[in-house]
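Asker: Take a look at this one; I'll ask things after.
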DNA sequence: CGGTGTCTTGAATACCATCAAGTCTTGTGG
DNA sequence: CCACAAGACTTGATGGTATTCAAGACACCG
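Chains as they are written, first to last, in our numbering: chain A, 1 to 254; chain B, 255 to 508.
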């Protein structure tokens, strides 16, 4: 596999100015914003700004590999990404989809090795912070520590839910729950439009398959069935939930 | 369901003295030990010992429920427990088995609600620390913070592995990997005897089923097949791995 | 224009669940 | 101590869900 890294800071500088953090849909819940705004006391007493760098990766590009060592922690600014574990026979399991404002994994604050592949789904902009600095800042400020602990808890809760979904639910339930989980997270970021619920949906069916432990073929069949039942509509990389009540019923069959 | 809580500190006092922490098989990797030994500065400057209480629960008893609120964090001293998510149709998913020295979940340092059921598998002794105190201590001492971060990372890594196992592996692989994962953790605690590998194995087949997303019936069939192939032996609540190489091959089929 | 990636559909198959019956063990109360 | 009930495990028969295999339609891109 042709896994060229996508650190192209120089080219970025030549492109039209990227949106500022204030336009980030995750502005209010963003660790990145908090860290950027934070000022900390350096060892010699001078207040310092945290160092950061902005990067981008085109859709489908690998952002970092499982065995790479990094002294920086990435946070997604824009676009969708996925953290993925690959098996030797080529099958893949997506651990989580990363949306704007998400820290890739809170565990990265403590260890340099991500243990999973990070892949861009859409074009992605992301920011990296030096691990030691970021950790220092987050732990030295009670309000930031609180914010960190919430994202830690949320990360853990989503892992637990995924375990239950993969262990104990049918294909229909898994897929419906995946979509509703995304709706919830997108809603917090104000990336979902009103009634009926509609939002940008860049996932390919193979992404859904890799996230739900199914095959792309079966995902296709389930989604077709959802459409035939009038539950959802998918077109132009956009998803509409036509029957929220019926759809939630599928997701909560047990 | 008859889920009486098992906090019987008074009765405990009447029983023969429990083994000391020094005899805990997880002594060296134990957060509990570190916390117990730690001394911290109180608001008025006096050094304080952390408060803790010791409890016990008999096998099969619920230790705490998903909706309970606790201002304490439990750490297992002795015996096996499981954290479990229950679905409304009665099916269960075990998120993790808890062994001596394990903190139930690092997320409990930040939130009072466990989100999952905690159940004793064998008779269990456990210790509870006040959340605010424990957090304070762990975060104020760099060596303890390091220890905490390691157990956080390990917890995350095990969650990720479970997700992959449930999403992408067959029944044979899941069961073999569950057992080998336990061997690894028990070995660190010096709870595995030499060659051939043998150890106390208190899990019922329904525990294995709940942990691997299978049915007890199918677990029985797979284990029988493992025995017939001469890979393992189970008797008297004790498990022996007769053919480590063959068994690991099953666990790493992809 | 061929190539690649994406999605769909049908047929055959594998894996695991469900159902059912029976053995054996463990615990409990009379 | 025995009788009985409940839990744990096994085994076989049957069925359903999801996989695998295969072929074709369609869009997009260099």
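Beta carbons are placed, not taken as given, at the ideal position from N, Cα and C, and that holds for glycine.
Using three-state DSSP, classify residue 265 of chain B as helix, strand or coil.
Answerer: Position 11 of the second chain, counted from the start, is the residue given in the question as residue 265 of chain B. Because the pLDDT of residue 265 of chain B is 40, which lies under 50, any placement of that residue in the model is unreliable, and the number read from its coordinates should be weighed accordingly. Here residue 265 of chain B sits in helix by DSSP.
Asker: What is the DSSP secondary structure of residue 83 of chain A, counted as helix, strand or coil?
Answerer: Working through the first chain from its first residue, we reach residue 83 of chain A at position 83. Looking at residue 83 of chain A - three-state DSSP - the assignment turns out to be strand.
Asker: Quick one: list the residues of chain A neighbouring residue 369 of chain B, beta-carbon separation under 8 Å, in chain order.
Answerer: Taking the second chain and counting its residues from 1, the one referred to as residue 369 of chain B is at position 115. In chain order: 157, 160.
Asker: Quick one: which residues of the stretch 307-337 of chain B get their C-beta closer than 7 Å to a C-beta of chain A? List them in chain order.
Answerer: Taking 7 Å as the Cβ-Cβ cut-off against chain A, none of the residues of the stretch 307-337 of chain B qualify.
Asker: So which residues of chain A does residue 342 of chain B contact, with C-beta pairs closer than 7 Å?
Answerer: Numbered from its first residue, the second chain carries residue 342 of chain B at position 88. Going along chain A in sequence order, the residues near residue 342 of chain B (Cβ under 7 Å) are 254.
Asker: Specify the secondary structure class of residue 117 of chain A as computed by DSSP and reduced to three states.
Answerer: In the first chain, counting from the first residue as 1, residue 117 of chain A sits at position 117. In this structure, residue 117 of chain A counts as strand in the three-state DSSP scheme.
Asker: Could you check if residue 41 of chain A is buried or exposed, using at least 16 other CB atoms within 10 Å of its CB as the buried criterion?
Answerer: As a first step, residue 41 of chain A must be located in the first chain, where it is residue number 41. Exposed.
Asker: Use the C-beta contact count for residue 79 of chain A: other C-beta atoms within 10 angstroms, 16 or more gives buried, fewer gives exposed.
Answerer: The residue labelled residue 79 of chain A in the question sits at position 79 within the first chain. Residue 79 of chain A comes out buried.
Asker: Compile a chain-ordered list of the residues in the stretch 87-112 of chain A whose CB is closer than 9 Å to at least one CB of chain B.
Answerer: Correct list: 87, 88, 89, 90, 91, 92, 93, 94, 95, 105, 106, 107, 109, 110, 111.
Asker: Would residue 294 of chain B pass as an interface residue toward chain A - the criterion being a Cβ-Cβ separation below 8 Å?
Answerer: As a working note, residue 294 of chain B is residue 40 in the second chain. It does not; no Cβ of chain A falls within 8 Å.
Asker: Classify residue 74 of chain A: buried if its beta carbon has 16 or more other beta carbons within 10 angstroms, exposed otherwise.
Answerer: Taking the first residue of the first chain as position 1, residue 74 of chain A is located at position 74. Burial call: buried.
Asker: Measuring CB to CB, does residue 349 of chain B end up less than 8 Å from residue 357 of chain B?
Answerer: Counted from its first residue, the second chain places residue 349 of chain B at position 95. Counted from its first residue, the second chain places residue 357 of chain B at position 103. Their beta carbons are not under 8 Å apart, which means residue 349 of chain B does not touch residue 357 of chain B by this criterion.
Asker: Spatial neighbours of residue 190 of chain A within its chain, please: C-beta separation below 6 Å, excluding the five flanking residues on both sides.
Answerer: Locating residue 190 of chain A in the first chain gives position 190, where the first residue counts as 1. So the list reads 25, once near-sequence residues are dropped.
Asker: In chain B, which residues lie with their C-beta within 7 Å of the C-beta of residue 129 of chain A?
Answerer: Stepping through the first chain from its first residue, residue 129 of chain A is reached at position 129. Those do not exist, as residue 129 of chain A stays about 17 Å from chain B at its closest Cβ, beyond 7 Å.
Asker: Of all the residues that make up the stretch 209-228 of chain A, which are near chain B by a beta-carbon distance shorter than 9 Å?
Answerer: Within the stretch 209-228 of chain A, the qualifying residues are 210, 211, 212, 213, 214.
Asker: Along the chain, where does the alpha helix (DSSP H) containing residue 300 of chain B start, and where does it finish?
Answerer: Here residue 300 of chain B refers to the residue found at position 46 when the second chain is read from its first residue. Segment: none, residue 300 of chain B is in no alpha helix (DSSP H) and carries neither H nor E.
Asker: Got a sec, what are the start and stop residues for the beta strand (DSSP E) residue 95 of chain A sits in?
Answerer: As a first step, residue 95 of chain A is located in the first chain; it is residue number 95 there, counting from the start. Start and end: 92-98.
Asker: Pull the bridge partners of residue 318 of chain B from the DSSP assignment, please.
Answerer: Position 64 of the second chain, counted from the first residue, corresponds to residue 318 of chain B. Looking at the DSSP assignment, residue 318 of chain B forms a beta bridge with B:372.
Asker: Could you tell me which chain A residues have their CB closer than 7 Å to the CB of residue 421 of chain B, listed as they occur along the chain?
Answerer: Position 167 of the second chain, counting from 1, holds the residue named residue 421 of chain B. 93, 166, 213, listed in chain order.
Asker: Looking at C-beta atoms only, is the number of pairs between the stretch 422-430 of chain B and the stretch 307-318 of chain B that lie closer than 8 Å three or more?
Answerer: Too few Cβ pairs lie closer than 8 Å, so no.
Asker: Can you find a CB in chain B that lies within less than 8 Å of the CB of residue 250 of chain A?
Answerer: Your numbering for residue 250 of chain A matches position 250 in the first chain. By this cut-off, residue 250 of chain A is not an interface position.
Asker: Would you mind working out which of A:63, A:141, A:125, A:89 sits nearest residue 38 of chain A, comparing C-alpha positions?
Answerer: What you label residue 38 of chain A is simply residue 38 of the first chain in a count that begins at 1. Answer by Cα proximity: A:141.
Asker: Can you tell which of A:155, A:21, A:217, A:130 has the C-alpha that lies nearest to the C-alpha of residue 110 of chain A?
Answerer: The residue you call residue 110 of chain A lines up with position 110 of the first chain. It is A:130 whose Cα lies nearest to the Cα of residue 110 of chain A.
Asker: At a Cβ threshold of 8 Å, is residue 153 of chain A touching chain B?
Answerer: As a working note, residue 153 of chain A is residue 153 in the first chain. At least one chain B Cβ lies under 8 Å of residue 153 of chain A.
Asker: Under DSSP, the beta strand (DSSP E) around residue 383 of chain B begins and ends at which residues?
Answerer: If you number the second chain from 1, residue 383 of chain B lands on position 129. Here the beta strand (DSSP E) through residue 383 of chain B covers 378-384.
Asker: Name, going along the chain, the residues of the stretch 228-245 of chain A whose beta-carbon falls closer than 8 Å to a beta-carbon of chain B.
Answerer: Within the stretch 228-245 of chain A, no residue has a Cβ that lies closer than 8 Å to any Cβ of chain B.
Asker: Tell me which same chain residues have a C-beta within less than 6 Å of the C-beta of residue 236 of chain A, skipping the five on either side of it?
Answerer: To locate residue 236 of chain A, count along the first chain from 1; it is residue 236. There are no such residues.
Asker: Using DSSP with H/G/I as helix, E/B as strand and the rest coil, what is residue 358 of chain B?
Answerer: Working through the second chain from its first residue, we reach residue 358 of chain B at position 104. In the structure shown, residue 358 of chain B sits in coil (DSSP, three-state: anything other than H, G, I, E or B).
Asker: Can you find a CB in chain A that lies within less than 8 Å of the CB of residue 391 of chain B?
Answerer: Start at 1 with the first residue of the second chain, and residue 391 of chain B comes out as number 137. Chain A contact via Cβ: absent.
Asker: Determine, for residue 50 of chain A, whether the minimum Cβ-Cβ distance to residues of chain B falls below 8 Å.
Answerer: As a first step, residue 50 of chain A is located in the first chain; it is residue number 50 there, counting from the start. False, the Cβ-Cβ gap to chain B never drops below 8 Å.
Asker: Evaluate the contact criterion for the stretch 401-412 of chain B versus the stretch 195-205 of chain A: three or more CB pairs, one atom per stretch, below 8 Å.
Answerer: The stretch 401-412 of chain B is not in contact with the stretch 195-205 of chain A.
Asker: List the residues of chain A that residue 339 of chain B touches, going by C-beta distances under 7 Å, in chain order.
Answerer: For the purposes of this step, residue 339 of chain B is identified with residue 85 of the second chain, where counting begins at 1. Those are 160, 164, listed as they occur along chain A.
Asker: CA-CA distance, residue 89 of chain A and residue 119 of chain A?
Answerer: On the first chain, residue 89 of chain A is found 89 positions in, with the first residue counted as 1. On the first chain, residue 119 of chain A is found 119 positions in, with the first residue counted as 1. If you take the alpha carbons of residue 89 of chain A and residue 119 of chain A, they lie about 19 Å apart.
Asker: Pull up the CB-CB distance for residue 420 of chain B and residue 163 of chain A, whole angstroms please, since I reckon it's below 8 Å.
Answerer: Numbered from its first residue, the second chain carries residue 420 of chain B at position 166. Numbered from its first residue, the first chain carries residue 163 of chain A at position 163. Between residue 163 of chain A and residue 420 of chain B the Cβ distance is about 6 Å, and since that is below 8 Å, they are a contact.
Asker: Could you name the residues of chain A that residue 403 of chain B contacts, counting a contact when the two beta carbons are closer than 7 Å?
Answerer: Residue 403 of chain B sits at position 149 when you count from the first residue of the second chain. Result: 110.
Asker: What residue range is occupied by the uninterrupted beta strand (DSSP E) comprising residue 275 of chain B?
Answerer: Along the second chain, read from residue 1 onward, the residue named residue 275 of chain B stands at position 21. Unbroken run through residue 275 of chain B: none, as it is neither H nor E.
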